[in-house]
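J.:
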């Protein structure tokens, strides 16, 4: 994996094309924590199951998040 990722803001004439740009970037970089717009693999399948098991609903039910 790349040692550092960088973010660069680029003005675009047609914002409707940004979804396609995002898809192409994800296909090139293949970031392991992204689950959308990338191919499923054993790591992402396990991550998806863990997120489902320990996701927002479980965290919001904890006493620390109350109040």
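Numbering (our numbering), first residue to last: -9 to 57. Just so it is clear, CB atoms sit at the ideal spot from N, CA and C, and this is done for glycine as well. Remember, predicted model here, so these are calculated numbers, not experimental data.
1. Taking only three categories from DSSP, how would you classify residue 6?
2. Express the C-alpha separation of residue 29 and residue -2 in angstroms, rounding to a whole number.
3. How big is the Cα-Cα spacing for residue 75 and residue 43?
4. Out of 27, 34, 18, 36, which one is the CA nearest neighbour of residue 9?
5. Between the C-alpha atoms of residue 23 and residue 6, what's the straight-line distance to the nearest angstrom?
T.: From the atom records:
1. helix
2. 25 Å
3. Beyond the ends of the chain as shown, which are -9 and 57, falls residue 75; an answer cannot be given.
4. 27
5. In this structure, the alpha-carbon of residue 23 lies about 25 Å from that of residue 6.
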